[in-house]
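Going by the working numbering, 535 is the number at position 78 of the first sequence; the sequence numbering is gapless.
Note that beta-carbon positions come from the ideal geometry of N, C-alpha and C, so glycine has one too.
Here the structure is a predicted model, which is why all the values come from computation and not from measurement.
First comes the structure, then the notes that go with it.
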Amino acid sequence: MPELPEVEVTRRGIAPHIVGQIVKRFNIYHPTLRWPVPKQLPKLLAQQTLLDITRRGKYLLWQFANGTLIMHFGMSGKLCMTDKNSKRKTHDHLELLFSNDCCLRLNDPRRFGCVLWTTQDVAQHPLLVNLGPEPLSKNFSVKYLQQQMQNKQQTIKPFLMNSAVVVGIGNIYATEALFKAGIHPELPAKKVTLEQTQHLVAAVKQILRTAIHHGGTTIRDYLSSSGKPGYFSLQLAVYGREDEPCLNCGTPIVSIRQAQRATAYCPQCQKMC
DNA sequence: AATCGCGCCTGACGGC
DNA sequence: TGCCGTCAGGCGCGAT
Numbered sequence: 458m459p460e461l462p463e464v465e466v467t468r469r470g471i472a473p474h475i476v477g478q479i480v481k482r483f484n485i486y487h488p489t490l491r492w493p494v495p496k497q498l499p500k501l502l503a504q505q506t507l508l509d510i511t512r513r514g515k516y517l518l519w520q521f522a523n524g525t526l527i528m529h530f531g532m533s534g535k536l537c538m539t540d541k542n543s544k545r546k547t548h549d550h551l552e553l554l555f556s557n558d559c560c561l562r563l564n565d566p567r568r569f570g571c572v573l574w575t576t577q578d579v580a581q582h583p584l585l586v587n588l589g590p591e592p593l594s595k596n597f598s599v600k601y602l603q604q605q606m607q608n609k610q611q612t613i614k615p616f617l618m619n620s621a622v623v624v625g626i627g628n629i630y631a632t633e634a635l636f637k638a639g640i641h642p643e644l645p646a647k648k649v650t651l652e653q654t655q656h657l658v659a660a661v662k663q664i665l666r667t668a669i670h671h672g673g674t675t676i677r678d679y680l681s682s683s684g685k686p687g688y689f690s691l692q693l694a695v696y697g698r699e700d701e702p703c704l705n706c707g708t709p710i711v712s713i714r715q716a717q718r719a720t721a722y723c724p725q726c727q728k729m730c
C-alpha cells in the first residue's frame with residue numbers, strides 16, 4: 458500500500474521525464490475509481506504543458522496552466538512508465554502520453570485510488586484543505602504534536618494515522634514509528650509524555666526519510682511493472698511479525714486490532730508510561 | 001465535537 | 001484442482 462514515501466519516490470522518479478512536456482493524449486480505460494474519473498479530462502488536458510508535479514500527503518498534484526490533476530493511489534495504485542505501444546495490463550485504468558513519447562499508466566487493482574480535476578487553488582480542495590502538516594516539515598514538531606495530543610482520549614496509534622493531525626502516516630509506518638519510539642500503541646494520546654513525544658517525532662521523520670531513501674535506490678523497479686514498492690526493501694521491525702521475536706529483546710511480538718487495523722507491538726519494549 | 005465503523009474492491013491464502 | 005470464505009487496508013462519510 459503506497460504511503461507517503463512511495464508517493465514521493467514516484468514523484469521524484471517521473472518528474473524529470475515529464476515536467477515541461479506537453480500532453481499528447483489522455484486515455485481513460487476504466488473510469489470507475491473511488492470516484493468517477495472526470496469524462497472531460499482527455500479534452501481538458503490535450504496539448505497542455507505539465508508545469509510541475511508536486512505532492513501533498515499521499516496526493517500527487519499535476520499542475521497545468523488550466524488546472525490541477527489530483528491523483529491518489531489508494532491501497533494498490535501505482536504508476537508505470539512504459540512504452541506507448543506496450544500491451545496494456547489488467548487494471549491499467551488510464552494513461553498519460555507526453556510529447557516526448559513518455560507514457561504513464563495508472564494501475565490500481567482495488568480501485569481505491571482517485572483521479573480528479575480542479576481549476577481552483579488545489580490547497581483549498583475539499584480533499585486537501587483539512588490536512589495536517591507534512592511529517593518531514595518543521596511544522597511537524599514536538600510542540601505541535603504535544604498541542605494536538607492535549608485532551609485527546611483516542612489511543613496514539615489511530616491518532617497518528619489521522620491525516621488532520623499529520624499526513625502520510627499509514628498503518629505500516631505508524632506501527633513502526635511507535636515501536637522505534639518505545640510507545641505502547643494503546644496509550645491515550647493525552648498521556649504521551651514530553652520525552653515520548655520527542656522520540657515519536659524523531660522516529661516518524663527518520664523512518665520516512667529512510668523509506669524515501671531506500672525507495673530512491675529501487676526507483677527503476679518501482680516504476681516498472683515488475684517493481685516492488687520501496688517499503689519492501691525496508692527492514693520492518695514489528696509490522697507483520699506477530700509471534701516472532703522482538704529485534705530488541707526477543708519477546709514475541711503481539712498483534713492486536715485498533716480501529717479495524719492490525720497493530721503489532723512488543724509488550725516489553727513499548728510502554729504505557 | 002470527537003470518535004467509531006462501514007464500504008468501496010481485488011488478490012492472496014487457507015480449508016475442505 | 002478448485003471453489004469459497006476470510007482478510008487486508010486508505011480514507012471519506014454517515015452514525016453515534
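Residue i, DSSP secondary structure in three states
i, result
"Lys546", "coil"
"Cys516", "Here residue 516 turns out to be Tyr, not Cys, going by the sequence shown. In the structure shown, Tyr516 sits in a strand (DSSP, three-state: E or B)."
"Ala660", "helix"
"Gly524", "strand"
"Asp718", "One detail in the question is off: residue 718 reads as Arg in this sequence, not Asp. Of the three classes helix, strand and coil, the one that applies to Arg718 here is strand, per DSSP."
"Leu680", "For Leu680, the pLDDT reaches just 49, beneath the cut-off of 50, and the residue's location in the model is therefore unreliable, although a value from the coordinates is still provided. It is helical."
"Pro615", "helix"
"Ile713", "strand"
"Lys728", "strand"
"Leu693", "coil"
"Leu602", "helix"
"Thr650", "coil"
"Thr708", "coil"
"Leu644", "coil"
"Leu507", "strand"
"Lys685", "Low confidence applies to Lys685: its pLDDT is 44, below 50, so where it sits in the model is not reliable, and the reading given next is rough at best. The answer is coil: DSSP assigns Lys685 none of H, G, I, E or B."
Residue range of the beta strand (DSSP E) that includes residue i
i, result
"Lys481", "480–485"
Within 8 Å, strictly: CB atoms of residue i and residue j
i, j, result
"Ala638", "Leu657", "yes"
"Leu502", "Ile485", "no"
"Leu588", "Ala621", "yes"
"Val476", "Leu507", "yes"
"Leu554", "Lys535", "no"
"Lys662", "Pro592", "yes"
"Met528", "Tyr516", "yes"
"Gln715", "Pro642", "yes"
"Ile629", "Leu617", "no"
"Arg512", "Arg468", "yes"
"Val649", "Met606", "yes"
Element boundaries [alpha helix (DSSP H), containing residue i]
i, result
"Thr632", "628–638"
"Gly465", "Before going further, note that residue 465 is Glu rather than Gly in the sequence given. Element bounds for Glu465: 461–475."
"Pro499", "498–502"
For this session: Only counting runs of 3 or more residues, tell me where the beta strand (DSSP E) segments fall wholly within the stretch 526–598, in order along the chain.
Result: 535–539, 549–555, 560–564, 571–575
Problem set entry | Stretch pair the stretch 487–499 + the stretch 562–577: three plus CB contacts closer than 8 Å | yes
For this session: Answer yes if the stretch 601–615 comes into contact with the stretch 541–554, meaning at least three C-beta pairs across the two stretches below 8 Å, and no otherwise.
Result: no
For this session: Would you check if there are 3 or more beta carbon pairs closer than 8 Å linking the stretch 596–611 to the stretch 578–586?
Result: no
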